[in-house]
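Chains as they are written, first to last, in the working numbering: chain F, 298 to 609; chain D, 173 to 421. Don't be surprised by glycine CBs; every beta carbon is placed ideally from N, CA and C. Just so we're clear, the structure is a prediction, and the values are computed from it rather than from any experiment. For reference, the structure discussed in these notes is given below.
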């Protein structure tokens, strides 16, 4: 029996879509019994959503006023307590999971596997290294507890199922007060979420300015797509940081990815290699993006974008 | 002494196209340029700026690696670190062991801040800072894109999936850096000369008496599946027609 604990990411009472992908990953482990931990102030809606994922055995709900907004230093001792007796502890490879899980691993004195992309056995996993230029097969010692973050772009969400029982549990852990949430500035938009969108339109440095970057919004609207950006476009201030796609930004796997004015640095390609179809539009026919694009179009993007919009 | 400890990792240079060895035992490193992990360079730059503003008295750079890592530490000294320590280890050690080594030096050097990169661009683990913070039982502020310090508190803006989050942490604390925190300075020739006179201590990892054994075994490496080059279309109409045919729009 492998007992797997998945830490649920949630915001504003909504379960993050990455959790159902973590369940898929955990379900690939033989003989898995999967619990999902929801650490929240109230958390009943989040717990109910987690209980409705096929493969989940139980949802453990920990209610504490200190649990929202989520702070790794506050959550980690609680997760470590819940993880006692578990063979595996999983979290999503989002900034939430990347921040939290290593802190949990250290408290458990367990090794961590970051960005698990495939499960070979209960102790053997695949993960990307060197910005995805190599795939490592990594083995953990049998019987040793393992912490992992799950590369969400590598897994389909688990189906709906259940509902699994929700157990409200009390956790005896001393919580620090040395870390305090101040604020978050997040652009609210009606667009699909970049990390889970079926279609993404991304802009690069070739757009040339913040004003020009807005040109891709029309196309994204037509396609019902999320908007992404290359690091160069974010560094230049054309787009906010949360839109960055790539090794150090978001790793995504949409059905359709449209790269506009993006040359295709290896770090960017790392973020899109799991996209089903890649379309590249660039004025430079030699741009590396064309080496990975399923459909390429060379030309002036300022005339091509409106033309494409018109055709749609 | 208000000290900042910066942890640096020697990695294959950012611009090198990394290739897996044909036998899958690792990646090609012969004759490959090695550098300070770019995120750690940003960490060092931030520490230097804090010191230059009068917010700290000393910047200590520390690295764990083979003897050749002295080159990267000399570069750190040339950038402006006051002194450096190399914990010599021929074998690469995993993030939990790195965190234990750093903790040993944190206890010895009592820094007000430890700053390091949010991830190393070789193993892409993104673990060490958080693990150190846990073992040290101190705050962590990961993926920092802005850092403001007062005497007892750091206010850190973090690049998170939702946007920018600001948290406040009591000092001492661990900060991990994101790309947009700063742009590291270039090293000038006179700085390289000056760096030769700065102290660089070399300590054997084994002499620390810590458990640095590997807990994970890399069974093998393989190149990633390659995407095939697709087709070029001639204009917008053909592109849209093709995508429509494939049911993508």
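| query | result |
| --- | --- |
| Three-way DSSP call (helix, strand, coil) for residue 385 (chain F) in this model | strand |
| Chain D contact residues for residue 476 (chain F), given Cβ-Cβ distances below 7 Å | 311, 339 and 341 |
| Residue-level contact to chain D via CB, residue 253 (chain F), 8 Å cutoff | As displayed, chain F neither begins before 298 nor continues past 609, which places residue 253 (chain F) out of reach and without an answer. |
| Against chain F: residues of the stretch 174-208 of chain D by CB proximity under 8 Å | 184, 189, 190, 191, 192 and 199 |
| Beta-carbon proximity list for residue 253 (chain D), same chain, < 6 Å, skipping 5 on both sides | 231 and 233 |
| Stretch-stretch touch, CB-based, cutoff 8 Å, three pairs: the stretch 423-435 of chain F with the stretch 391-400 of chain D | yes |
| Check: residue 366 (chain F) C-beta below 7 Å from any heavy atom of the ligand COA | Inclusion of the ligand COA in the displayed structure is not the case, the ligand content being empty and no account of it being possible. |
| Closer than 8 Å to chain F by CB, residue 403 (chain D) | yes |
| Rounded C-alpha distance that separates residue 314 (chain F) from residue 454 (chain F) | 8 Å |
| Below-8 Å beta-carbon distance, residue 261 (chain D) vs any chain F residue | no |
| Cβ neighbours of residue 423 (chain F) in the same chain (closer than 6 Å, five flanking residues each side left out) | 414, 415, 432 and 434 |
| Near-chain D residues of the stretch 510-536 of chain F - C-beta to any C-beta below 8 Å | 520, 528, 531 and 532 |
| Endpoints, alpha helix (DSSP H) assigned at residue 393 (chain F) | 392-405 |
| Three-state secondary structure (DSSP) of residue 507 (chain F) | helix |
| Segment limits, alpha helix (DSSP H) that includes residue 402 (chain D) | No alpha helix (DSSP H) contains residue 402 (chain D), which DSSP labels as neither H nor E. |
| Cα-Cα separation between residue 331 (chain D) and residue 352 (chain D), rounded to whole angstroms | 9 Å |
| Beta-carbon proximity list for residue 456 (chain F), same chain, < 6 Å, skipping 5 on both sides | 351 |
| Alpha-carbon to alpha-carbon, residue 286 (chain D) and residue 198 (chain D) | 31 Å |
| Residue 438 (chain F), buried or exposed, once every other Cβ within 10 Å from all chains shown has been counted against 16 | exposed |
| Three-way DSSP call (helix, strand, coil) for residue 415 (chain F) in this model | strand |
| Delimiting residues of the alpha helix (DSSP H) encompassing residue 212 (chain D) | 210-224 |
| Nonlocal neighbours in the same chain, by C-beta distance under 8 Å from residue 405 (chain F), ignoring five residues either side | 377, 380, 386, 442 and 444 |
| Listed by chain order, chain D residues near residue 598 (chain F) by CB distance under 7 Å | The premise fails here: residue 598 (chain F) is roughly 11 Å from chain D at the closest Cβ pair, so nothing lies under 7 Å. |
| 8 Å Cβ cut-off: residues of chain F touching residue 298 (chain D) | 395, 399 and 411 |
| At least three beta-carbon pairs within less than 8 Å, the stretch 204-218 of chain D to the stretch 279-294 of chain D | yes |
| C-alpha distance - residue 528 (chain F) paired with residue 539 (chain F), whole-angstrom precision | 10 Å |
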